[in-house]
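Enquirer: Submitted below is the structure of interest, expressed as C-alpha cells.
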Amino acid sequence: MSTAQLVVQHLPYLRRYARALTGSQVAGDAYVAATLETLVNEPETLGRSTNVKADLFRVFTRIWNSLSVNGHSDQVQHDLPAEVRLGQITPLPRQAFLLSCLEGFSEEDAGVILDVDVSKVRDLVDEAGRELAADMATEILIIEDEPLIAMDLEALVEGLGHNVIGVARTRTEAVKIASENKRPGLILADIQLADGSSGLDAVNDLLKTFEVPVIFITAYPERFLTGERPEPAFLIAKPFQPANVSAVISQALFFQQSARRREAHNA
1 MSTAQLVVQH LPYLRRYARA LTGSQVAGDA YVAATLETLV NEPETLGRST NVKADLFRVF
61 TRIWNSLSVN GHSDQVQHDL PAEVRLGQIT PLPRQAFLLS CLEGFSEEDA GVILDVDVSK
121 VRDLVDEAGR ELAADMATEI LIIEDEPLIA MDLEALVEGL GHNVIGVART RTEAVKIASE
181 NKRPGLILAD IQLADGSSGL DAVNDLLKTF EVPVIFITAY PERFLTGERP EPAFLIAKPF
241 QPANVSAVIS QALFFQQSAR RREAHNA
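Its first residue numbered 1, the sequence shown is counted upward by one per residue in UniProt numbering.
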C-alpha cells in the first residue's frame, strides 16, 4: 500500500481527533486540510518512522501548535457539552489525553507525536484527567475488600472532586449500598472480594437496574478477560498508579457523557 493510501486510511481517525480537539468538525477539518497541504508541499515530513499514523498525527500536531486555523473558541459547537468541556483543558494535556484515551496511541507514540518523553505524557494525561474530573463530578461506589487500597481509592477520587457513596467489601454489601444511596455514576470494583464472592457478579447485579461505566482494579486481570463482564468496562491491574486511575476515571466519564449525548440526538 502506498504512503498516500495509508494516509487516506488514517484520515477518518485524524478527523475524529481534530473534532474532539477543537470542539467543532468545521474547525477540525480546517486543521486537517492544513496538514494535508503540508504533506503535499513537504512529503519528507511523513515516513520518518514505520508508524504512518503516528507520523500523520505528528505533522497535524505541528500545525495545531503553530497556527490558528478557524480554531477559536467561538467556533465550538455549544450543543456538544463533553467536547466543550474538553476544549477548556489547556492544549498540551488535552492532546495527550485524546491521543492516549480516544485514539489509543501508546505512551511512546504519543510522546513522539507531541515531542515529549513518556514521563511527560503520563503527567499530561494526569493533568487532563484532573481538569476533566473537576467538570464531571459524580457519585462513586467502591467495591474493594482491602482496607488500605479502599482508603487510597477513596482519597484519590475525592481529590478529583467526586463523592464516594460507600465502600463495599462483598457482593452483598455492594448491592445494599447501591440500593440505599443515590445511584452511582461510576463503579470502581475489585474482582476477588472478602468472602470469596466476585466483584464481577456484584457489578452485573447492579447493572440489572441501572447503567454506568465500571473500572475493575484487580490483581486478577485474567478473571476479567474470561468472565462475564459488563460494558462499558475498563481494566486496571494492581499494583496501580494513581495517575492511571485518575486518567481512566475521566476517560470513562467523558465517553459515557458523549455516548448519552449521541443517543439523545439520535432518539
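From the three backbone atoms N, C-alpha and C, an ideal C-beta is built for every residue, glycine too.
Below 8 Å, can you find three or more Cβ-Cβ pairs linking the stretch 233-248 to the stretch 125-134?
Expert: yes
Enquirer: Three-state secondary structure (DSSP) at residue 295?
Expert: Any property of residue 295 remains undetermined from this structure, which presents the chain solely from 1 to 267.
Enquirer: Three or more C-beta pairs under 8 Å: does that hold for the stretch 94-107 against the stretch 168-181?
Expert: no
Enquirer: To the nearest angstrom, report how far apart residue 73 and residue 28 are at their CA atoms.
Expert: What you label residue 73 is simply residue 73 of the sequence shown in a count that begins at 1. What you label residue 28 is simply residue 28 of the sequence shown in a count that begins at 1. Annotation note: pLDDT 38 at residue 73 (below 50); position unreliable, no value reported.
Enquirer: Could you pull out every residue in the same chain whose Cβ sits closer than 6 Å to the Cβ of residue 223, ignoring the five residues on either side in sequence?
Expert: Taking the first residue of the sequence shown as position 1, residue 223 is located at position 223. 191.
Enquirer: Assign residue 224 to one of three DSSP states: helix, strand, or coil.
Expert: For the purposes of this step, residue 224 is taken as the residue at position 224 of the sequence shown. It is helical.
Enquirer: When you compare only the Cα positions, how much space is there between residue 138 and residue 41?
Expert: Position 138 of the sequence shown, counted from the start, is the residue given in the question as residue 138. Position 41 of the sequence shown, counted from the start, is the residue given in the question as residue 41. A direct Cα-to-Cα measurement between residue 138 and residue 41 gives close to 48 Å.
Enquirer: What did DSSP end up calling residue 192 once you bin it into helix, strand or coil?
Expert: As a working mapping, residue 192 is identified with position 192 in the sequence shown. It is a strand residue.
Enquirer: Provide the residue(s) that pair with residue 234 in DSSP beta bridges, ordered along the chain.
Expert: In the sequence shown, counting from the first residue as 1, residue 234 sits at position 234. DSSP output for residue 234 lists 215 as bridge partner(s).
Enquirer: Measuring straight from C-alpha to C-alpha, what distance separates residue 165 and residue 15?
Expert: Taking the first residue of the sequence shown as 1, we reach residue 165 at position 165. Taking the first residue of the sequence shown as 1, we reach residue 15 at position 15. Approximately 39 Å, taken between the alpha carbons.
Enquirer: Do residue 54 and residue 109 come within 8 Å of each other at the CB atom, strictly closer than that value?
Expert: As a working mapping, residue 109 is identified with position 109 in the sequence shown. As a working mapping, residue 54 is identified with position 54 in the sequence shown. Yes, these two residues count as a Cβ contact at 8 Å.
Enquirer: Is residue 168 helix, strand or coil by DSSP?
Expert: As a first step, residue 168 must be located in the sequence shown, where it is residue number 168. If DSSP states are grouped into helix, strand and coil, residue 168 belongs with the strands.
Enquirer: Using a Cβ-Cβ cut-off of 8 Å (strictly less than) and excluding sequence neighbours within five positions of residue 35, which residues of its own chain qualify?
Expert: Indexing the sequence shown from 1 puts residue 35 at position 35. Exclusion of the five residues before and after residue 35 leaves 14, 56, 59, 60, 63 as the residues of its chain whose Cβ lies within less than 8 Å of its Cβ.
Enquirer: Could you pull the DSSP bridge partners for residue 140 from this structure?
Expert: In the sequence shown, residue 140 corresponds to position 140, counting from 1. In DSSP, residue 140 forms a bridge with 164, 186.
Enquirer: Report all residues from its chain with a CB closer than 7 Å to the CB of residue 184; omit the five preceding and five following residues, and keep chain order.
Expert: Taking the sequence shown and counting its residues from 1, one reaches residue 184 at position 184. If we look at residue 184 and ignore the five residues flanking it on each side, its Cβ neighbours are 139, 140, 141, 165, 178, 212.
Enquirer: Distance, Cα to Cα, residue 91 vs residue 149?
Expert: Locating residue 91 in the sequence shown gives position 91, where the first residue counts as 1. Locating residue 149 in the sequence shown gives position 149, where the first residue counts as 1. Spanning the two alpha carbons is a distance of roughly 33 Å.
Enquirer: In whole angstroms, give me the CA-to-CA distance for residue 144 and residue 46.
Expert: Residue mapping note: residue 144 aligns to position 144 of the sequence shown, counting from 1. Residue mapping note: residue 46 aligns to position 46 of the sequence shown, counting from 1. Using only the alpha carbons, I get a separation of about 47 Å.
Enquirer: Please check the pair residue 199 and residue 193, which I expect to be a contact at CB under 8 Å, by giving their CB distance rounded to whole angstroms.
Expert: Counting from 1 along the sequence shown, the entry for residue 199 is found at position 199. Counting from 1 along the sequence shown, the entry for residue 193 is found at position 193. Confirmed, about 6 Å.
Enquirer: Do residue 11 and residue 52 have their C-beta atoms within less than 8 Å of each other?
Expert: By one-based count along the sequence shown, residue 11 stands at place 11. By one-based count along the sequence shown, residue 52 stands at place 52. No. Outside cutoff.
Enquirer: For residue 256, which option in 209, 43, 215 has the closest C-alpha, if you only look at C-alpha atoms?
Expert: Residue 256 sits at position 256 when you count from the first residue of the sequence shown. For the residues 209, 43, 215, the minimum Cα distance to residue 256 belongs to 215.
Enquirer: Based on Cα-Cα distance, which residue from 209, 4, 160 lies nearest to residue 182?
Expert: Within the sequence shown, residue 182 is the residue found at index 182, counting from 1. Nearest of 209, 4, 160 to residue 182, Cα basis: 209.
Enquirer: What does the Cβ neighbour count give for residue 290, buried or exposed, with the cut at 16 atoms within 10 Å?
Expert: Given that the chain is displayed from residue 1 to residue 267, the structure contains no residue 290 and the question cannot be resolved.
Enquirer: For residue 203, does the count of other Cβ atoms within 10 angstroms reach 16, so buried, or fall short, so exposed?
Expert: For this step, residue 203 is matched to residue 203 along the sequence shown. Residue 203 is buried by the Cβ-count criterion.
Enquirer: Hey, out of 154, 195, 105, 159, whose CA is closest to residue 187's CA?
Expert: Within the sequence shown, numbered from 1, the residue matching residue 187 stands at position 187. Residue 187 has its Cα closest to that of 154, out of 154, 195, 105, 159.
Enquirer: Rounded to whole angstroms, what is the Cα-Cα separation between residue 218 and residue 201?
Expert: Residue mapping note: residue 218 aligns to position 218 of the sequence shown, counting from 1. Residue mapping note: residue 201 aligns to position 201 of the sequence shown, counting from 1. So the two alpha carbons sit approximately 14 Å from each other.
Enquirer: Have a look at residue 189 and residue 37 and give me their C-alpha separation to the nearest angstrom.
Expert: To locate residue 189, count along the sequence shown from 1; it is residue 189. To locate residue 37, count along the sequence shown from 1; it is residue 37. Each residue's alpha carbon lies about 48 Å from the other.
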